[in-house]
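Residue numbers (UniProt numbering): 1 to 395. Don't be surprised by glycine CBs; every beta carbon is placed ideally from N, CA and C.
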(Lines of atoms letter the chains of each structure in order from A; the text may use other names.)
(Lines give C-alpha, C1' and ligand atoms only; values in the text may rest on other atoms or scores of the structure.)
Protein backbone atom coordinates (compact mmCIF):
# COMPACT_ATOMS: atom_id res chain seq x y z
CA UNK A 1 0.00 0.00 0.00
CA UNK A 2 2.79 2.38 0.89
CA UNK A 3 4.70 1.47 -2.26
CA UNK A 4 1.60 2.06 -4.40
CA UNK A 5 0.98 5.40 -2.72
CA UNK A 6 4.60 6.41 -3.27
CA UNK A 7 4.45 5.32 -6.91
CA UNK A 8 1.20 7.22 -7.40
CA UNK A 9 2.66 10.32 -5.81
CA UNK A 10 5.77 10.12 -8.00
CA UNK A 11 3.65 9.69 -11.12
CA UNK A 12 1.72 12.80 -10.10
CA UNK A 13 4.97 14.77 -10.20
CA UNK A 14 5.99 13.35 -13.57
CA UNK A 15 2.94 14.37 -15.57
CA UNK A 16 3.96 15.58 -19.01
CA UNK A 17 1.58 18.55 -18.79
CA UNK A 18 3.31 19.82 -15.62
CA UNK A 19 6.79 19.36 -17.04
CA UNK A 20 5.96 20.91 -20.40
CA UNK A 21 4.18 23.91 -18.85
CA UNK A 22 7.15 24.55 -16.57
CA UNK A 23 9.61 24.20 -19.44
CA UNK A 24 7.65 26.48 -21.77
CA UNK A 25 7.33 29.13 -19.04
CA UNK A 26 11.12 29.15 -18.57
CA UNK A 27 11.79 29.03 -22.32
CA UNK A 28 9.47 31.97 -23.00
CA UNK A 29 10.87 33.91 -20.03
CA UNK A 30 14.48 33.46 -21.08
CA UNK A 31 14.17 33.89 -24.82
CA UNK A 32 11.92 36.94 -24.47
CA UNK A 33 14.18 38.95 -22.19
CA UNK A 34 17.62 37.46 -21.58
CA UNK A 35 19.05 39.79 -24.23
CA UNK A 36 17.82 42.76 -22.19
CA UNK A 37 19.48 41.37 -19.05
CA UNK A 38 22.73 41.05 -21.01
CA UNK A 39 22.48 44.69 -22.01
CA UNK A 40 21.84 45.69 -18.38
CA UNK A 41 24.84 43.69 -17.18
CA UNK A 42 27.02 45.25 -19.85
CA UNK A 43 25.86 48.74 -18.86
CA UNK A 44 26.76 47.95 -15.24
CA UNK A 45 30.26 46.91 -16.30
CA UNK A 46 29.91 43.15 -15.83
CA UNK A 47 31.68 40.92 -18.34
CA UNK A 48 33.12 37.44 -18.66
CA UNK A 49 32.88 35.50 -15.40
CA UNK A 50 30.95 38.34 -13.77
CA UNK A 51 28.26 38.09 -16.45
CA UNK A 52 28.09 34.33 -15.87
CA UNK A 53 27.67 35.06 -12.15
CA UNK A 54 24.70 37.32 -12.98
CA UNK A 55 23.02 34.44 -14.82
CA UNK A 56 23.89 32.06 -11.97
CA UNK A 57 22.34 34.36 -9.37
CA UNK A 58 19.21 35.03 -11.41
CA UNK A 59 18.65 31.36 -12.25
CA UNK A 60 19.24 30.15 -8.69
CA UNK A 61 17.09 32.93 -7.23
CA UNK A 62 14.15 32.26 -9.54
CA UNK A 63 14.48 28.51 -9.11
CA UNK A 64 14.53 28.55 -5.31
CA UNK A 65 11.65 31.03 -5.00
CA UNK A 66 9.48 29.23 -7.57
CA UNK A 67 9.91 25.89 -5.83
CA UNK A 68 9.69 27.25 -2.28
CA UNK A 69 6.67 29.53 -2.75
CA UNK A 70 4.75 27.03 -4.90
CA UNK A 71 5.21 24.27 -2.31
CA UNK A 72 4.52 26.58 0.64
CA UNK A 73 1.17 27.80 -0.70
CA UNK A 74 0.26 24.90 -3.01
CA UNK A 75 -0.35 27.47 -5.72
CA UNK A 76 1.30 28.06 -9.13
CA UNK A 77 3.42 30.97 -7.95
CA UNK A 78 6.08 31.85 -10.50
CA UNK A 79 8.85 34.38 -10.04
CA UNK A 80 11.05 36.11 -12.58
CA UNK A 81 13.75 38.69 -12.99
CA UNK A 82 12.48 42.20 -13.57
CA UNK A 83 12.50 42.64 -17.35
CA UNK A 84 11.43 46.32 -17.26
CA UNK A 85 13.99 46.73 -14.49
CA UNK A 86 16.70 45.36 -16.78
CA UNK A 87 15.59 47.77 -19.50
CA UNK A 88 15.81 50.62 -16.99
CA UNK A 89 19.32 49.56 -15.95
CA UNK A 90 20.49 49.27 -19.55
CA UNK A 91 19.60 52.93 -20.11
CA UNK A 92 20.32 54.42 -16.66
CA UNK A 93 23.57 53.00 -15.32
CA UNK A 94 25.88 54.95 -17.61
CA UNK A 95 29.21 55.61 -15.87
CA UNK A 96 28.03 54.59 -12.40
CA UNK A 97 30.21 51.49 -12.34
CA UNK A 98 29.64 47.95 -11.13
CA UNK A 99 30.09 48.56 -7.40
CA UNK A 100 27.49 51.33 -7.19
CA UNK A 101 25.17 49.31 -9.43
CA UNK A 102 25.32 46.44 -6.93
CA UNK A 103 24.60 48.92 -4.14
CA UNK A 104 21.50 50.08 -6.02
CA UNK A 105 20.33 46.46 -6.42
CA UNK A 106 20.68 45.89 -2.69
CA UNK A 107 18.78 49.08 -1.88
CA UNK A 108 15.98 48.16 -4.28
CA UNK A 109 15.63 44.66 -2.81
CA UNK A 110 15.63 46.12 0.71
CA UNK A 111 12.73 48.40 -0.27
CA UNK A 112 10.83 45.46 -1.77
CA UNK A 113 11.39 43.45 1.43
CA UNK A 114 10.27 46.37 3.58
CA UNK A 115 7.10 46.74 1.51
CA UNK A 116 6.31 43.07 1.95
CA UNK A 117 6.99 42.90 5.67
CA UNK A 118 5.12 46.08 6.59
CA UNK A 119 2.22 45.67 4.16
CA UNK A 120 3.08 48.99 2.50
CA UNK A 121 2.91 47.41 -0.94
CA UNK A 122 -0.64 48.43 -1.78
CA UNK A 123 -0.35 51.82 -0.09
CA UNK A 124 2.71 52.81 -2.12
CA UNK A 125 1.12 51.56 -5.32
CA UNK A 126 -1.93 53.72 -4.61
CA UNK A 127 0.33 56.75 -4.08
CA UNK A 128 2.05 56.43 -7.49
CA UNK A 129 -0.52 57.21 -10.22
CA UNK A 130 -0.77 54.24 -12.54
CA UNK A 131 -0.71 56.37 -15.70
CA UNK A 132 2.61 57.97 -14.64
CA UNK A 133 4.19 54.60 -13.85
CA UNK A 134 3.05 53.31 -17.26
CA UNK A 135 4.40 56.42 -18.99
CA UNK A 136 7.77 56.05 -17.24
CA UNK A 137 7.95 52.41 -18.32
CA UNK A 138 7.06 53.35 -21.91
CA UNK A 139 9.83 55.97 -21.92
CA UNK A 140 12.32 53.39 -20.68
CA UNK A 141 11.32 50.85 -23.33
CA UNK A 142 11.17 53.25 -26.28
CA UNK A 143 14.86 52.87 -27.09
CA UNK A 144 14.56 49.10 -27.35
CA UNK A 145 11.66 49.41 -29.77
CA UNK A 146 13.63 51.84 -31.95
CA UNK A 147 16.77 49.67 -31.81
CA UNK A 148 14.77 46.89 -33.44
CA UNK A 149 14.60 48.96 -36.63
CA UNK A 150 18.01 50.60 -36.25
CA UNK A 151 19.51 47.10 -36.29
CA UNK A 152 18.04 46.62 -39.79
CA UNK A 153 20.72 48.96 -41.12
CA UNK A 154 23.44 46.43 -40.31
CA UNK A 155 21.65 43.18 -41.17
CA UNK A 156 18.40 43.88 -43.06
CA UNK A 157 17.82 40.25 -44.08
CA UNK A 158 18.39 38.84 -40.58
CA UNK A 159 16.15 41.36 -38.80
CA UNK A 160 13.56 41.21 -41.60
CA UNK A 161 13.28 37.43 -41.27
CA UNK A 162 12.86 37.75 -37.50
CA UNK A 163 10.19 40.43 -37.88
CA UNK A 164 8.22 38.39 -40.42
CA UNK A 165 8.47 35.26 -38.25
CA UNK A 166 7.27 37.24 -35.25
CA UNK A 167 4.27 38.71 -37.09
CA UNK A 168 3.22 35.36 -38.57
CA UNK A 169 3.53 33.65 -35.19
CA UNK A 170 1.52 36.42 -33.53
CA UNK A 171 -1.42 35.34 -35.67
CA UNK A 172 -1.05 31.57 -35.42
CA UNK A 173 0.89 30.88 -32.17
CA UNK A 174 0.97 34.15 -30.17
CA UNK A 175 2.37 32.53 -27.02
CA UNK A 176 5.46 31.38 -28.92
CA UNK A 177 5.98 34.43 -31.15
CA UNK A 178 9.20 35.53 -29.46
CA UNK A 179 10.85 32.07 -29.26
CA UNK A 180 9.95 31.40 -32.90
CA UNK A 181 11.37 34.77 -33.95
CA UNK A 182 14.56 33.93 -32.08
CA UNK A 183 14.73 30.52 -33.73
CA UNK A 184 14.28 32.10 -37.16
CA UNK A 185 17.03 34.60 -36.38
CA UNK A 186 19.43 31.88 -35.25
CA UNK A 187 18.81 29.84 -38.42
CA UNK A 188 19.25 32.90 -40.64
CA UNK A 189 22.44 33.97 -38.82
CA UNK A 190 23.84 30.43 -39.11
CA UNK A 191 23.14 30.33 -42.86
CA UNK A 192 24.88 33.69 -43.20
CA UNK A 193 27.89 32.41 -41.23
CA UNK A 194 27.22 34.86 -38.43
CA UNK A 195 27.34 32.42 -35.49
CA UNK A 196 30.55 31.64 -33.63
CA UNK A 197 29.99 28.62 -31.37
CA UNK A 198 33.61 27.62 -30.91
CA UNK A 199 33.73 28.96 -27.35
CA UNK A 200 30.59 27.13 -26.21
CA UNK A 201 31.04 24.63 -23.39
CA UNK A 202 29.04 23.13 -20.51
CA UNK A 203 31.18 24.41 -17.66
CA UNK A 204 29.01 25.20 -14.63
CA UNK A 205 28.91 28.87 -13.64
CA UNK A 206 30.38 29.94 -10.31
CA UNK A 207 29.23 32.85 -8.19
CA UNK A 208 31.51 35.86 -7.98
CA UNK A 209 31.18 38.34 -5.13
CA UNK A 210 30.91 41.93 -6.36
CA UNK A 211 31.33 44.35 -3.48
CA UNK A 212 28.68 47.09 -3.32
CA UNK A 213 29.12 50.82 -2.91
CA UNK A 214 26.38 53.26 -1.96
CA UNK A 215 25.65 56.85 -2.89
CA UNK A 216 22.59 59.07 -2.58
CA UNK A 217 22.54 59.96 -6.28
CA UNK A 218 22.62 56.30 -7.31
CA UNK A 219 19.88 55.48 -4.80
CA UNK A 220 17.63 58.23 -6.14
CA UNK A 221 18.52 57.80 -9.81
CA UNK A 222 18.68 53.99 -10.05
CA UNK A 223 17.42 52.16 -6.95
CA UNK A 224 14.14 54.08 -6.57
CA UNK A 225 13.13 53.86 -10.27
CA UNK A 226 14.11 50.17 -10.30
CA UNK A 227 11.96 49.61 -7.22
CA UNK A 228 8.97 51.49 -8.69
CA UNK A 229 9.21 49.77 -12.08
CA UNK A 230 9.54 46.32 -10.49
CA UNK A 231 6.62 46.84 -8.15
CA UNK A 232 4.23 48.51 -10.60
CA UNK A 233 4.96 46.64 -13.81
CA UNK A 234 5.86 43.23 -12.37
CA UNK A 235 4.51 42.58 -8.87
CA UNK A 236 1.14 44.28 -9.42
CA UNK A 237 0.24 42.30 -12.58
CA UNK A 238 1.84 39.16 -11.10
CA UNK A 239 -0.48 39.35 -8.12
CA UNK A 240 -3.42 40.21 -10.38
CA UNK A 241 -2.82 37.05 -12.44
CA UNK A 242 -2.92 34.95 -9.26
CA UNK A 243 -6.18 36.59 -8.19
CA UNK A 244 -7.73 36.30 -11.66
CA UNK A 245 -7.03 32.56 -11.74
CA UNK A 246 -8.72 31.88 -8.43
CA UNK A 247 -5.78 31.91 -6.03
CA UNK A 248 -7.02 34.79 -3.87
CA UNK A 249 -6.13 32.86 -0.71
CA UNK A 250 -2.42 33.33 -1.38
CA UNK A 251 -1.36 36.41 0.65
CA UNK A 252 0.64 39.10 -1.10
CA UNK A 253 2.99 40.14 1.72
CA UNK A 254 4.94 36.85 2.07
CA UNK A 255 5.40 36.58 -1.70
CA UNK A 256 6.75 40.12 -1.97
CA UNK A 257 8.90 39.69 1.15
CA UNK A 258 10.61 36.53 -0.06
CA UNK A 259 11.40 37.95 -3.50
CA UNK A 260 12.97 40.95 -1.73
CA UNK A 261 15.01 38.80 0.65
CA UNK A 262 16.21 36.71 -2.28
CA UNK A 263 17.37 39.89 -3.99
CA UNK A 264 19.26 41.02 -0.88
CA UNK A 265 21.09 37.68 -0.69
CA UNK A 266 21.92 37.45 -4.38
CA UNK A 267 22.43 41.10 -5.41
CA UNK A 268 26.22 40.97 -4.72
CA UNK A 269 26.41 38.11 -7.24
CA UNK A 270 24.32 39.84 -9.94
CA UNK A 271 20.73 39.12 -8.86
CA UNK A 272 19.53 42.67 -9.50
CA UNK A 273 15.77 42.21 -8.77
CA UNK A 274 13.25 39.39 -8.33
CA UNK A 275 9.48 39.68 -8.56
CA UNK A 276 6.25 37.83 -9.26
CA UNK A 277 5.83 36.76 -12.88
CA UNK A 278 2.68 37.49 -14.84
CA UNK A 279 2.83 36.31 -18.47
CA UNK A 280 4.90 33.18 -17.82
CA UNK A 281 2.92 32.47 -14.64
CA UNK A 282 -0.25 32.34 -16.71
CA UNK A 283 1.24 29.37 -18.59
CA UNK A 284 1.51 27.38 -15.35
CA UNK A 285 -1.98 28.48 -14.25
CA UNK A 286 -3.79 27.42 -17.41
CA UNK A 287 -6.01 24.31 -17.68
CA UNK A 288 -3.43 22.96 -20.14
CA UNK A 289 -1.04 22.57 -17.22
CA UNK A 290 -3.63 20.59 -15.25
CA UNK A 291 -7.47 20.54 -15.33
CA UNK A 292 -7.34 20.40 -11.52
CA UNK A 293 -6.46 23.89 -10.27
CA UNK A 294 -5.16 22.48 -6.98
CA UNK A 295 -2.43 20.54 -8.82
CA UNK A 296 -1.10 23.31 -11.06
CA UNK A 297 1.51 24.31 -8.48
CA UNK A 298 3.52 21.31 -9.66
CA UNK A 299 4.08 23.07 -13.00
CA UNK A 300 5.65 25.99 -11.09
CA UNK A 301 7.86 23.55 -9.20
CA UNK A 302 9.07 22.14 -12.52
CA UNK A 303 9.67 25.66 -13.79
CA UNK A 304 11.82 26.21 -10.69
CA UNK A 305 13.82 23.07 -11.49
CA UNK A 306 14.48 24.30 -15.03
CA UNK A 307 15.46 27.73 -13.67
CA UNK A 308 17.98 26.05 -11.37
CA UNK A 309 19.50 24.26 -14.35
CA UNK A 310 19.81 27.50 -16.32
CA UNK A 311 21.47 29.09 -13.30
CA UNK A 312 23.97 26.27 -12.83
CA UNK A 313 24.94 26.45 -16.50
CA UNK A 314 24.85 30.23 -16.62
CA UNK A 315 28.27 30.34 -18.27
CA UNK A 316 26.87 28.31 -21.17
CA UNK A 317 23.96 30.74 -21.55
CA UNK A 318 26.45 33.62 -21.62
CA UNK A 319 28.65 31.91 -24.23
CA UNK A 320 25.62 31.05 -26.37
CA UNK A 321 24.33 34.62 -26.50
CA UNK A 322 27.83 36.00 -26.98
CA UNK A 323 27.94 33.95 -30.18
CA UNK A 324 24.92 35.78 -31.58
CA UNK A 325 25.32 38.86 -33.81
CA UNK A 326 24.62 42.16 -32.05
CA UNK A 327 21.75 42.87 -34.43
CA UNK A 328 20.06 39.59 -33.51
CA UNK A 329 20.22 40.42 -29.79
CA UNK A 330 18.92 43.97 -30.35
CA UNK A 331 16.11 42.69 -32.58
CA UNK A 332 14.89 39.99 -30.20
CA UNK A 333 14.97 42.45 -27.30
CA UNK A 334 12.86 44.92 -29.27
CA UNK A 335 10.39 42.25 -30.39
CA UNK A 336 10.07 40.89 -26.86
CA UNK A 337 9.18 44.33 -25.51
CA UNK A 338 6.74 45.42 -28.22
CA UNK A 339 3.73 44.14 -26.28
CA UNK A 340 4.84 45.75 -23.03
CA UNK A 341 5.64 49.02 -24.79
CA UNK A 342 2.26 49.20 -26.52
CA UNK A 343 0.31 48.37 -23.37
CA UNK A 344 2.31 50.94 -21.38
CA UNK A 345 1.59 53.68 -23.93
CA UNK A 346 -2.08 52.69 -24.01
CA UNK A 347 -2.41 52.66 -20.22
CA UNK A 348 -0.64 55.99 -19.82
CA UNK A 349 -2.76 57.84 -22.40
CA UNK A 350 -6.09 56.11 -21.84
CA UNK A 351 -7.65 58.83 -19.65
CA UNK A 352 -7.82 62.20 -21.50
CA UNK A 353 -7.46 64.22 -18.29
CA UNK A 354 -4.12 62.54 -17.51
CA UNK A 355 -2.54 62.64 -20.95
CA UNK A 356 -0.51 65.84 -20.48
CA UNK A 357 1.14 64.55 -17.29
CA UNK A 358 1.73 61.13 -18.84
CA UNK A 359 3.25 62.67 -21.96
CA UNK A 360 5.64 64.80 -19.87
CA UNK A 361 6.70 61.69 -17.94
CA UNK A 362 7.19 59.73 -21.16
CA UNK A 363 9.21 62.41 -22.96
CA UNK A 364 11.47 63.22 -20.00
CA UNK A 365 12.17 59.53 -19.38
CA UNK A 366 12.80 58.77 -23.06
CA UNK A 367 15.12 61.79 -23.39
CA UNK A 368 17.84 60.14 -21.32
CA UNK A 369 18.54 63.45 -19.54
CA UNK A 370 20.64 63.51 -16.38
CA UNK A 371 20.34 66.24 -13.74
CA UNK A 372 22.33 66.40 -10.49
CA UNK A 373 23.72 62.97 -11.33
CA UNK A 374 20.22 61.45 -11.33
CA UNK A 375 18.82 59.62 -14.35
CA UNK A 376 15.85 60.47 -16.52
CA UNK A 377 13.44 57.83 -15.15
CA UNK A 378 13.32 59.57 -11.78
CA UNK A 379 12.96 63.04 -13.28
CA UNK A 380 10.25 61.81 -15.61
CA UNK A 381 8.23 60.64 -12.62
CA UNK A 382 8.92 63.86 -10.68
CA UNK A 383 8.06 66.29 -13.49
CA UNK A 384 5.09 64.21 -14.57
CA UNK A 385 3.91 64.13 -10.95
CA UNK A 386 4.16 67.92 -10.68
CA UNK A 387 2.19 68.26 -13.90
CA UNK A 388 -0.40 65.79 -12.60
CA UNK A 389 -0.88 67.71 -9.33
CA UNK A 390 -1.09 71.10 -11.03
CA UNK A 391 -3.65 69.99 -13.57
CA UNK A 392 -5.68 68.19 -10.89
CA UNK A 393 -5.76 71.34 -8.77
CA UNK A 394 -6.76 73.44 -11.77
CA UNK A 395 -9.60 71.04 -12.51
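Cβ-Cβ distances below 6 Å link residue 181 to 162, 165, 166 and 335 in the same chain, with the five nearest sequence neighbours on each side left out; the list follows chain order. Residue 289 sits in coil when the DSSP states are folded into three classes, being neither helix nor strand. For residue 72, the uninterrupted alpha helix (DSSP H) segment begins and ends at 49-73. Excluding sequence positions up to five before and after residue 97, its CB lies within less than 7 Å of the CB of 45, all in the same chain and listed in chain order.
DSSP places residue 79 in the uninterrupted beta strand (DSSP E) bounded by 79-81. Collapsing the DSSP output to three states places residue 275 in a strand. Remark: C-beta atoms of residue 62 and residue 274 approach each other more closely than 8 Å. Cβ atoms of residue 310 and residue 26 come within 8 Å of each other, at about 7 Å. Following the DSSP letters along the chain, one finds residue 95 in no alpha helix (DSSP H), marked with neither H nor E. Residue 331 places its beta carbon 8 Å or farther from that of residue 137.
Between the alpha carbons of residue 101 and residue 291 lies a gap of roughly 44 Å. Per DSSP, the continuous alpha helix (DSSP H) segment holding residue 300 begins and ends at 297-312. Residue state for residue 195 is assigned as coil, using DSSP reduced to three classes. Take residue 112, set aside five residues on each side of it, and the residues of its chain with a beta-carbon closer than 6 Å to its own are 260, in chain order. Comparing alpha carbon positions, the residue from 119, 359, 299 and 276 closest to residue 284 is 299.
Per DSSP, reduced to three states, the secondary structure at residue 173 is coil, with no helix or strand assignment. A direct Cα-Cα distance of roughly 25 Å separates residue 208 from residue 329. Here the C-alpha atom of residue 250 lies approximately 27 Å from the C-alpha atom of residue 105.
Residue 371 carries a strand assignment under DSSP once its states are collapsed to helix, strand and coil.
Pairing residue 320 with residue 351, the inter-Cα distance amounts to about 44 Å.
For the segment 198-264, not one full-length beta strand (DSSP E) segment reaches 3 residues or more. One alpha carbon belongs to residue 353, the other to residue 380, and they sit about 18 Å apart. For residue 353, no alpha helix (DSSP H) segment is defined, and its DSSP state is neither H nor E. Annotation: residue 324 is outside any alpha helix (DSSP H) and is labelled neither H nor E by DSSP. Annotated three-state conformation of residue 156 is helix, per DSSP.
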